[in-house]
Amino acid sequence: MKSKLATDIKKFLILDLYNAANKGDAAILEGLILSLKKEIPHSLFIIHTPFPASVRYQPDLVVRNSLITHFVNSNKRAIYTLITCLALILCALLARLKLNLFYLLPERYKVPFSDFLQADIIVGMGGGFYNDNYWVALPGRLCHLLIGKLLGKPVVISAHSFGPFKSRMAQILAYLGLNITDALCVRDSCSLQTLKALKIKDKKIHKVADSAWLVDKISEEQARRLLEDQMIDLSQPLLISLSARRWDYYHTVGNSEGHACYVNALAKALDVIIEKYRALIIYLSTCHEPDRQVGLEIKHQLKHMNKFQILKGEYEPSQLKGMYDFVDLHIGTRMHSVILALSVGTPSIGISYEPKLVSLMEEIGLQDFVVDIENVEAMRIVSMVEMMIAKREEIVTTLQREIPRLQQLAQKNAQIITH
274 MKSKLATDIK
284 KFLILDLYNA
294 ANKGDAAILE
304 GLILSLKKEI
314 PHSLFIIHTP
324 FPASVRYQPD
334 LVVRNSLITH
344 FVNSNKRAIY
354 TLITCLALIL
364 CALLARLKLN
374 LFYLLPERYK
384 VPFSDFLQAD
394 IIVGMGGGFY
404 NDNYWVALPG
414 RLCHLLIGKL
424 LGKPVVISAH
434 SFGPFKSRMA
444 QILAYLGLNI
454 TDALCVRDSC
464 SLQTLKALKI
474 KDKKIHKVAD
484 SAWLVDKISE
494 EQARRLLEDQ
504 MIDLSQPLLI
514 SLSARRWDYY
524 HTVGNSEGHA
534 CYVNALAKAL
544 DVIIEKYRAL
554 IIYLSTCHEP
564 DRQVGLEIKH
574 QLKHMNKFQI
584 LKGEYEPSQL
594 KGMYDFVDLH
604 IGTRMHSVIL
614 ALSVGTPSIG
624 ISYEPKLVSL
634 MEEIGLQDFV
644 VDIENVEAMR
654 IVSMVEMMIA
664 KREEIVTTLQ
674 REIPRLQQLA
684 QKNAQIITH
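274 is the number of the first residue of the sequence shown in this note's numbering; add one for each residue after it.
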């Protein structure tokens, strides 16, 4: 039986969407909304994001600028963000005492603050932003959670990855901010360990799965048409999709050197695979324009440039999922390209830039098919492709067993939010 909270909730305020132009973020949002609607069909969703124009229009979505969008990447910005946070926290405290003075705030903050007041429940959207790599936005994100709690709202973080928190300041902020939530839904085992190390209360922590597992797929005919419109020859002996990205947080080498090694390794591996299997490589990533530039870098290093095609469309998650269903295997650096491919039963190799992808591949039984971005070697990728082709039937059987389980865990995330 559902609790009173679950049956009464009608208005969700969803925070922490960074940019839906990144179709990984868009897939999380789409899957989250689908799962919440399944629990409470008649709901309104207010989305706060620094990039409102990136969110595709839906009649039950209201999209606004985030309340706090400042990054503490300089002393001046840090002071400004601190003052803003303190002012908003004071307004929340006064509102809790029935003194609604938020109309005194600058115009820019009035409407998003009123969204906090009117929300039935506040949801920190899933993703991977609570860690040291994105520490400049951490104070603002945690302040949003605090404002929600000060207003007496249920605050839940949806299917997220947490950590690593290496700096003492980040650890303190994370401990204080995350402990005030009502529930923390984590999508990977590394995050469980991170939260335990921070001494977050166990009763708050719930193991779930990424909401993107629940994204719908376009029809086979629609996907075929999208690929054929881009002049993709679907009769090729082996079709491989590729997702790559620029990573700016290398630890063992400088960022420029690390990126050059990564691109070079992929190009060399693809040349071998093309020669051995007469493969066609379809470059299909979840973050279109920035990733296409990386795709061009890889293509320019290939001997077989004519066997490497970069799709030029701007695709929604459901379209990407449909197209990944047409390929024989996927090589993905973007985690949500891997999720979308795996969710249609396409065997996938992961190139991990954060612990979240390693945890995902381990959980699904594909731990032999993931490599750290700092240790990418051409022949290692080639050997993984060879092994994946040899074990294809076994891998597909594993996916047929594991995907429904992960989809159930993704729906469990919505059940925790609404109860």
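The beta-carbon is built from N, C-alpha and C at its ideal position, and this holds for glycine as well.
Provide the residue span of the alpha helix (DSSP H) that contains residue i, from first to last.
i       : result
Arg-369 : 348 to 369
Lys-422 : 411 to 423
Ile-676 : 665 to 691
Lys-284 : Segment 284 to 288 is the beta strand (DSSP E) holding Lys-284; no alpha helix (DSSP H) there.
Asp-544 : 528 to 550
Tyr-382 : 380 to 391
Locate the beta strand (DSSP E) running through residue i, then write down its first and last residues.
i       : result
Arg-337 : 334 to 338
Ala-632 : Before going on, a small fix: residue 632 reads as Ser here, not Ala. Counting along the chain, Ser-632 falls outside any beta strand (DSSP E), though it belongs to the alpha helix (DSSP H) covering 628 to 636.
Val-395 : Strictly speaking, residue 395 in this sequence is Ile, with Val absent from that position. From DSSP, the beta strand (DSSP E) with Ile-395 extends over 394 to 397.
Val-644 : 643 to 645
Val-429 : 428 to 433
Ser-516 : 511 to 516
Determine the contact status of residue i and residue j, defining contact as a CB-CB distance below 8 Å.
i       : j       : result
Glu-647 : Thr-525 : yes
Ile-287 : Phe-318 : yes
Asp-247 : His-573 : Because the chain here runs from 274 to 692, residue 247 falls outside it and cannot be looked at.
Gln-592 : Ile-505 : no
Ser-610 : Ser-516 : yes
Phe-435 : Asn-404 : yes
Val-396 : His-433 : no
Gly-400 : Leu-419 : no
Val-429 : Ile-689 : yes
Thr-322 : Gly-413 : no
Asn-292 : Ser-316 : no
Ser-625 : Asp-645 : yes
Leu-423 : Ile-362 : yes
Val-336 : Ile-320 : yes
Ala-542 : Ile-654 : yes
Taking residue i and residue j to be in contact with their CB atoms under 8 Å, please state how far apart those CB atoms are, rounded to whole angstroms.
i       : j       : result
Glu-303 : Pro-590 : 6 Å
Gln-684 : Leu-487 : 7 Å
Ile-301 : Asp-483 : 7 Å
Ala-540 : Ile-571 : 5 Å
Trp-408 : Ala-443 : 5 Å
Ser-218 : Asp-461 : The requested residue 218 does not occur in the structure, where the chain is confined to residues 274 to 692.
Phe-642 : Gly-623 : 7 Å
Leu-584 : Gln-509 : Not confirmed; about 15 Å, so no contact.
Lys-311 : Ala-687 : 7 Å
Which residue from the options puts its Cα closest to that of residue i?
i       : options                            : result
Phe-386 : Asp-405, Asn-404, Ala-365, Gly-401 : Ala-365
Trp-520 : Thr-606, Lys-580, Ile-478          : Thr-606
Thr-357 : Val-335, Lys-383, Leu-370, Asp-333 : Lys-383
Asp-289 : Phe-324, Ser-308, Arg-653          : Phe-324
Lys-296 : Val-335, Ile-624, Ile-612, Ile-668 : Ile-612
Ala-651 : Phe-438, Ile-547, Asn-579          : Ile-547
Lys-549 : Gly-638, Val-669, Leu-511          : Leu-511
Tyr-556 : Ser-529, Gly-527, Pro-437, Gly-586 : Gly-586
Gly-285 : Leu-355, Pro-628, Asp-393, Lys-310 : It should be pointed out that residue 285 corresponds to Phe in this sequence rather than to Gly. Here the closest residue by C-alpha is Asp-393.
Arg-369 : Leu-378, Phe-389, Glu-562          : Phe-389
Phe-438 : Ile-689, Lys-472, Glu-530          : Lys-472
Cys-463 : Phe-402, Glu-627, Met-661, Ala-538 : Glu-627
Thr-691 : Leu-305, Ser-656, Ala-294, Leu-309 : Leu-309
Ser-431 : Asp-298, Val-600, Gly-595, Leu-639 : Asp-298
His-532 : Gln-566, Asn-348, Arg-337, Ala-614 : Gln-566
Leu-359 : Ile-341, Asn-373, Leu-372          : Ile-341
Leu-500 : Tyr-588, Glu-667, Lys-283          : Tyr-588
Lys-594 : Arg-497, Ile-637, Leu-378, Tyr-535 : Arg-497
Gln-673 : Ala-614, Asn-537, Met-596, Met-660 : Ala-614
Lys-477 : Val-655, Tyr-330, Ile-453          : Ile-453
Met-657 : Gln-509, Val-336, Gln-640, Ala-293 : Gln-640
Leu-569 : Ser-440, Phe-581, Ile-320          : Phe-581
Leu-630 : Leu-424, Val-655, Ile-604          : Ile-604
Glu-635 : Ile-662, Thr-671, Arg-653, Lys-664 : Thr-671
Gln-495 : His-479, Pro-332, Met-596          : Met-596
Leu-411 : Gln-391, Tyr-448, Met-660, Ser-558 : Tyr-448
Tyr-522 : Asn-406, Ala-663, Arg-381, Arg-678 : Asn-406
Asn-338 : His-417, Lys-664, Asn-348          : His-417
His-561 : Leu-307, Gly-638, Arg-518, Leu-682 : Arg-518
Shorter than 7 Å, the distance from the beta carbon of residue i to the closest heavy atom of the ligand ADP, or not?
i       : result
Arg-441 : The ligand ADP is not part of the structure shown, which contains no ligands of any sort.
Next on the checklist: As an exercise, report each continuous alpha helix (DSSP H) stretch of at least 4 residues that is fully enclosed by the stretch 436 to 502, in chain order.
Outcome noted: If only uninterrupted alpha helix (DSSP H) runs of at least 4 residues are considered, those enclosed by the stretch 436 to 502 are 441 to 452, 462 to 470, 493 to 502.
Next on the checklist: Which complete alpha helix (DSSP H) runs does the stretch 556 to 623 hold, if anything under 4 residues is left out?
Outcome noted: You should have 561 to 573, 590 to 597, 608 to 615.
Item to check | Runs of beta strand (DSSP E) wholly within the stretch 297 to 332 (minimum 3 residues, chain order) | outcome: The stretch 297 to 332 contains these whole beta strand (DSSP E) runs: 317 to 322.
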